[in-house]
Amino acid sequence: MTQLTQLQLPHGTLNLPVFLPDGTQGVVRSVDAADLAACQIQGVQMNVFHLMQRPSSTVIQALGGLHRMAGWQRPIFTDSGGFQVYSLIRQNPKSGSINNRGATFRLEGKDRKYNLTPEKSVQMQLSYGSDVVICFDDCTHVDDPREVQAGSVARTVAWARRCKEEFNRIVGQRRDGGEKRPLLIAVVQGGGDLDLRRQCADQLLEIGFDGYGYGGWPLDNEGNLLTDILAYTREIVPLQFTLHALGVGHPGNVAAAARMGYNIFDSTMPTRDARHGRLYSFAVEPKTAVLRGDDWFHYAYINDKKHLKQSQPISPYCDAPCCQNYSLGYLHHLFKLNDSLFPRLATIHNLRFMTQLMENLRQELNR
């Protein structure tokens with residue numbers, strides 16, 4: 000079976016592979032929906048863990064759901080919050096706990112206690128109007144011992160089964176069928192243990208989902224992509240299903256994982272880098288070059304004094320407003336002023352870089 004090249008969703012069709020910027024709290028920071036469309040972004044990803052706190056589920060529903068609230072009429076993926084809950088509790092065990100029922104946590108400085116279960120995660124995602132619902136999963140660190148990883152796999156599979164039951168119940172009640180039906184994807188856990196990865200994937204495939212995701216932090220302690228584990232996870236998930244490289248956003252890592260067969264990516268990295276003055280630039284023409292190795296792109300650190308009088312744009316290959324209208328010297332000036340125009344222009348630039356990268360990869364991989 001050949002790999003998918005498109006994904007049909009209630010709010011449109013995605014051409015694969017695709018990069019989704021993270022708008023965790025209902026907004027991709029510094030830009031609006033028109034800016035995203037101008038960058039040729041096809042979809043965005045938001046996060047239950049953050050949305051349930053701010054603006055809250057009742058506010059989102061009062062404002063007509065995520066699409067109407069954010070003015071974005073293309074697809075929206077919603078993450079379950081599993082990774083964020085894990086990160087919070089791993090950093091501070093006193094902040095909460097995870098058991099077979101779900102997770103209970105309290106944010107620092109807050110009196111309210113939150114409860115998040117597989118059923119509640121699905122309920123919220125569907126109430127927000129999500130196009131793709133991600134199952135609540137029990138995340139681990141890649142270096143955690145085998146018994147911890149095995150417990151995570153067992154819990155993740157059990158939670159995925161509960162997510163599917165709740166998803167089917169709600170979708171059945173709403174009579175969402177055909178093009179209106181959102182998709183449900185499950186997350187493959189197992190840390191660095193290949194046997195557990197296969198066990199998790201096999202059990203999830205037996206339950207049956209619309210697609211799957213790579214679970215757990217995808218980098219080692221030195222920040223290198225866990226290529227062996229990522230490649231193995233793609234190998235054990237049939238190509239007829241999309242495989243989402245959750246949290247992968249470094250351009251080199253996206254290119255590497257796309258060539259392994261991953262076809263959906265999301266990350267805060269490109270937009271966060273933009274706001275902090277790290278701008279992406281192709282070293283070669285992205286429309287025609289094969290983007291392999293380590294020298295096909297580089298960073299421009301806008302705070303560097305060398306940019307003070309530079310009249311050229313960030314990249315000669317970028318067609319976004321930032322490069323079409325403004326110089327590195329002017330962007331350096333805006334950054335030093337801490338003017339609000341800088342993060343908008345920089346974010347538009349980095350997002351257009353990512354969509355150009357995906358266009359290149361689609362051309363390469365879908366020949």
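The opening residue of the sequence shown carries number 0 in numbering that gives the first Met the number 0; numbering runs sequentially from there. Think of the CB as a built atom: it goes at the ideal place given N, C-alpha and C, for glycine as much as any other residue. Predicted model only: the values in this text are computed from it and were never measured.
On a CA-only basis, which of the options is nearest residue i? Give me that one, please.
{"i": "Ser287", "options": "Glu118, Leu307, Met357", "result": "Here the sequence assigns Thr to residue 287, which means Ser is not the residue at that position. Nearest of Glu118, Leu307, Met357 to Thr287, Cα basis: Met357."}
{"i": "Gln198", "options": "Pro312, Lys308, Val156", "result": "Val156"}
{"i": "Arg160", "options": "Gly176, Leu203, Asp272, Met123", "result": "Leu203"}
{"i": "Asp78", "options": "Phe264, Asp110, Gly260, Gly150", "result": "Phe264"}
{"i": "Asn302", "options": "Arg277, Ser310, Arg233, Asp318", "result": "Arg277"}
{"i": "Tyr113", "options": "Leu87, Ser151, Val131, Pro9", "result": "Leu87"}
{"i": "Cys196", "options": "Glu234, Asn220, Gly128", "result": "Just to set this straight, residue 196 is Arg in the shown sequence, not Cys. Answer by Cα proximity: Glu234."}
{"i": "Val30", "options": "Asp209, Arg271, His332", "result": "Arg271"}
{"i": "Gln7", "options": "Asp130, Leu35, Phe281, Cys38", "result": "Asp130"}
{"i": "Thr232", "options": "Gly248, Gly222, Leu364, Gly212", "result": "Gly212"}
{"i": "Tyr85", "options": "Ser96, Phe76, Ile75", "result": "Ser96"}
{"i": "Ser280", "options": "Ser266, Gly251, Met259", "result": "Gly251"}
{"i": "Pro74", "options": "Pro285, Thr12, Arg173", "result": "Thr12"}
{"i": "Ala345", "options": "Thr4, Asp209, Arg28, Leu19", "result": "Arg28"}
{"i": "Arg180", "options": "Asp209, Gly191, Gly190, Asp192", "result": "Asp209"}
{"i": "Asn98", "options": "Leu327, Phe334, Lys109, Leu115", "result": "Leu115"}
{"i": "Ala367", "options": "Glu363, Thr267, Gly150", "result": "Outside the shown range of the chain (0 to 366) lies residue 367, about which nothing can therefore be said."}
{"i": "Gln355", "options": "Gln5, Lys109, Cys38, Thr4", "result": "Cys38"}
Measure the C-alpha to C-alpha separation of residue i and residue j and round it to an integer number of angstroms.
{"i": "Leu15", "j": "Ala33", "result": "22 Å"}
{"i": "Ala153", "j": "Gly171", "result": "27 Å"}
{"i": "Ile169", "j": "Lys119", "result": "12 Å"}
{"i": "Ala257", "j": "Ile313", "result": "26 Å"}
{"i": "Arg274", "j": "Val58", "result": "28 Å"}
{"i": "Trp71", "j": "Arg145", "result": "42 Å"}
{"i": "Met353", "j": "Thr23", "result": "18 Å"}
{"i": "Gly177", "j": "Asp21", "result": "27 Å"}
{"i": "Gly214", "j": "Gln309", "result": "43 Å"}
{"i": "Gly292", "j": "Leu307", "result": "30 Å"}
{"i": "Asp137", "j": "Gln239", "result": "25 Å"}
{"i": "Tyr316", "j": "Arg351", "result": "11 Å"}
{"i": "Tyr329", "j": "Arg53", "result": "35 Å"}
{"i": "Gln311", "j": "Gly222", "result": "32 Å"}
{"i": "Val132", "j": "Leu183", "result": "5 Å"}
{"i": "Asp318", "j": "Val121", "result": "39 Å"}
{"i": "Gly42", "j": "Pro9", "result": "12 Å"}
{"i": "Ala243", "j": "Glu205", "result": "The sequence as given places His at residue 243; Ala does not occur at that position. Their Cα atoms are separated by approximately 19 Å."}
{"i": "Phe82", "j": "Val47", "result": "11 Å"}
{"i": "Lys304", "j": "Asp143", "result": "43 Å"}
{"i": "Met45", "j": "Pro320", "result": "26 Å"}
{"i": "His297", "j": "Asn324", "result": "21 Å"}
{"i": "Thr1", "j": "Met123", "result": "34 Å"}
{"i": "Glu164", "j": "Leu327", "result": "53 Å"}
{"i": "Phe18", "j": "Met259", "result": "15 Å"}
{"i": "Gly63", "j": "Arg174", "result": "19 Å"}
{"i": "Ser56", "j": "Met68", "result": "12 Å"}
{"i": "His332", "j": "Ile347", "result": "18 Å"}
{"i": "Phe166", "j": "Asp338", "result": "45 Å"}
Since residue i and residue j should fall inside the 8 Å C-beta cutoff, what is the C-beta to C-beta distance between them, to a whole number of angstroms?
{"i": "Cys162", "j": "Pro117", "result": "5 Å"}
{"i": "Leu65", "j": "Gly25", "result": "6 Å"}
{"i": "Asp94", "j": "Arg105", "result": "Checking the sequence shown, residue 94 turns out to be Ser, not Asp. That pair is a contact at about 6 Å."}
{"i": "Pro269", "j": "Gly246", "result": "With 8 Å as the limit, Pro269 and Gly246 do not qualify as a contact, their Cβ atoms being about 12 Å apart."}
Run the CB neighbour count on residue i, radius 10 Å, all protein chains shown included, and call it buried at 16 or more, exposed below.
{"i": "Ala185", "result": "buried"}
{"i": "Leu225", "result": "buried"}
{"i": "Tyr300", "result": "exposed"}
{"i": "Val289", "result": "exposed"}
{"i": "Gln188", "result": "buried"}
{"i": "Pro237", "result": "exposed"}
{"i": "Arg89", "result": "exposed"}
{"i": "Asn262", "result": "buried"}
{"i": "Ala61", "result": "exposed"}
{"i": "Ala36", "result": "exposed"}
{"i": "Arg343", "result": "buried"}
{"i": "Asp201", "result": "exposed"}
{"i": "Thr139", "result": "buried"}
{"i": "Pro92", "result": "exposed"}
{"i": "Leu125", "result": "buried"}
{"i": "Ala282", "result": "exposed"}
{"i": "Asp192", "result": "buried"}
{"i": "Gly207", "result": "exposed"}
{"i": "Gly190", "result": "buried"}
Identify every residue that forms a DSSP beta bridge with residue i.
{"i": "Pro217", "result": "DSSP output for Pro217 lists no bridge partner at all."}
{"i": "Phe76", "result": "Gln44, Val131"}
{"i": "Gln355", "result": "Answer is none; Gln355 lacks a bridge partner."}
{"i": "Tyr211", "result": "Ala185, Leu242"}
{"i": "Phe264", "result": "Phe18, Ala244"}
{"i": "Thr103", "result": "Ser96, Asn114"}
{"i": "Gly11", "result": "Leu8"}
{"i": "Ala345", "result": "Beta-bridge pairing links Ala345 to no other residue."}
{"i": "Leu224", "result": "Leu218"}
{"i": "Tyr329", "result": "Paired residues: none, contrary to the question."}
{"i": "His297", "result": "Ser280"}
State yes or no: is the C-beta of residue i nearer than 7 Å to some heavy atom of the ligand SAM?
{"i": "Ala61", "result": "What this structure holds is no ligand at all, so the ligand SAM is not there to describe."}
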